[in-house]
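All remarks here apply to the structure that follows.
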Amino acid sequence: MAWTQRERELREAGIPLRSDASLAAGAISGAAAGISVGAFAGPSGAMIGAFLGGAVGVAAGRAIEVRTAQEDFVQERLDEEIGIIGGDLGAGDVPRSRRIIEGDDT
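354 is the number of the first residue of the sequence shown in my numbering; add one for each residue after it.
Dropping the structure here:
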């Protein structure tokens, strides 16, 4: 399988891109849908539908998995930049305000 540049970056960042559970869920749900549609053509249609539905389900599960990993990666980088992760929510960049009271020069 060819990895795109974005998938390589996610993989190097330690974000898993393959989960057996998501691929299995996609295959099972796709096969179930394929069986139900293919059953209209008889037993052979149900078998073909199960195979094609399972393949489409795995592809859809993979696409959803990659997209979710990308969104998580972007969100984590944004959280680090803002200061939510390992920071102080940007408070270090804000100059301290002074309270100005009438007659007080400090």
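We treat Cβ as the ideally placed atom computed from N, Cα and C, and that holds for glycine.
Beta-carbon proximity list for residue i, same chain, < 6 Å, skipping 5 on both sides
i, result
"M354", "Interpretation of M354 is limited by its pLDDT of 44, a score under 50 that renders its predicted location unreliable; no figure is taken from the coordinates."
"S375", "G414 and E418"
Reduced DSSP secondary structure (H/G/I, E/B, other) of residue i
i, result
"A366", "coil"
"I417", "helix"
"V438", "Position check: residue 438 holds Ile in this sequence, whereas Val was assumed. Of the three classes helix, strand and coil, the one that applies to I438 here is coil, per DSSP."
"G395", "coil"
Under 8 Å between C-beta atoms of residue i and residue j
i, j, result
"L405", "G379", "no"
"G383", "G410", "yes"
"E429", "I435", "no"
"F426", "A385", "no"
Closest residue to residue i among the options (Cα-Cα distance)
i, options, result
"R361", "E434, L431 and A422", "A422"
"A403", "E424, R420, A416 and I381", "I381"
Endpoints, alpha helix (DSSP H) assigned at residue i
i, result
"I381", "D373 to G391"
Contact set for residue i: own chain, Cβ-Cβ below 7 Å, skip 5 residues either direction
i, result
"G407", "A380, G383, A384 and G387"
"A399", "I388, G391 and A392"
Contact set for residue i: own chain, Cβ-Cβ below 8 Å, skip 5 residues either direction
i, result
"A412", "G379"
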